[in-house]
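Undergrad:
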Amino acid sequence: MKLNTLKPAQGARTERTRVGRGIGSGLGKTAGRGHKGSFARSGKGKIKAGFEGGQMPMHMRLPKVGFRSRLNGDTAEVFLYQLERLDGEVDFAALRAAKLVPSTARKAKVVKQGELSKKLVLKGLLVTAGARAAIEAAGGQVQE
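When we follow the numbering used here, the leftmost residue of the sequence shown carries the number 1, and every step to the right adds one.
#1: Rounded to whole angstroms, what's the CA-CA distance from Gly43 to His35? Just pull it up for me.
#2: Could you give the DSSP three-state label for Glu89: helix, strand or coil?
#3: Could you check where the beta strand (DSSP E) with Glu77 kicks off and where it finishes?
#4: I believe Leu27 touches Gly20 by the beta-carbon criterion, under 8 Å. Please report the beta-carbon distance rounded to the nearest angstrom.
#5: Three or more C-beta pairs closer than 8 Å, one from the segment 78-97 and one from the segment 40-57: is that the case here?
#6: Quick test of your reading: Gly45 and Phe92, contact by CB under 8 Å. State the CB separation rounded to the nearest angstrom.
#7: Reducing DSSP to helix, strand and coil, say where Leu120 ends up.
#8: Kindly list the residues whose CB is nearer than 7 Å to the CB of Gln143, restricted to its own chain and excluding five residues on each side of it in sequence; keep chain order.
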């Protein structure tokens, strides 16, 4: 075998079809584009993704679902079950030391998710009504 004798396998490469070269070629006159319409024109054959010919598009027909909390980007959520690892007084510094809030957060809000069995005192944290009730039911208190 020599480099100058290498060829692709039989049928692996086909020649480009030349359109618009007369009746005898089989692709003369309209060159395979049909008659009229945007696809018959040069440079006009693109349709935006999601366009359905003027019909109301699928993404507009379907119902919108889901919800994203409107807490500020600088407010971190902390769940009740995460507070189980802490003892005594809990403030923002304690949450940061326990790595329950990211370094970008400036405030923290305690949300009722899970259960709390410890008696904790929360200082300077935002607390939802449900979380406040759960903390007080466990014998703890929330201080502003």
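Beta carbons: idealized from backbone N, C-alpha and C, even for Gly.
TA: Reading from the atomic positions:
#1: 16 Å
#2: strand
#3: Thr75 to Phe79
#4: 7 Å
#5: no
#6: Not confirmed; about 59 Å, so no contact.
#7: coil
#8: Val121, Leu122 and Lys123
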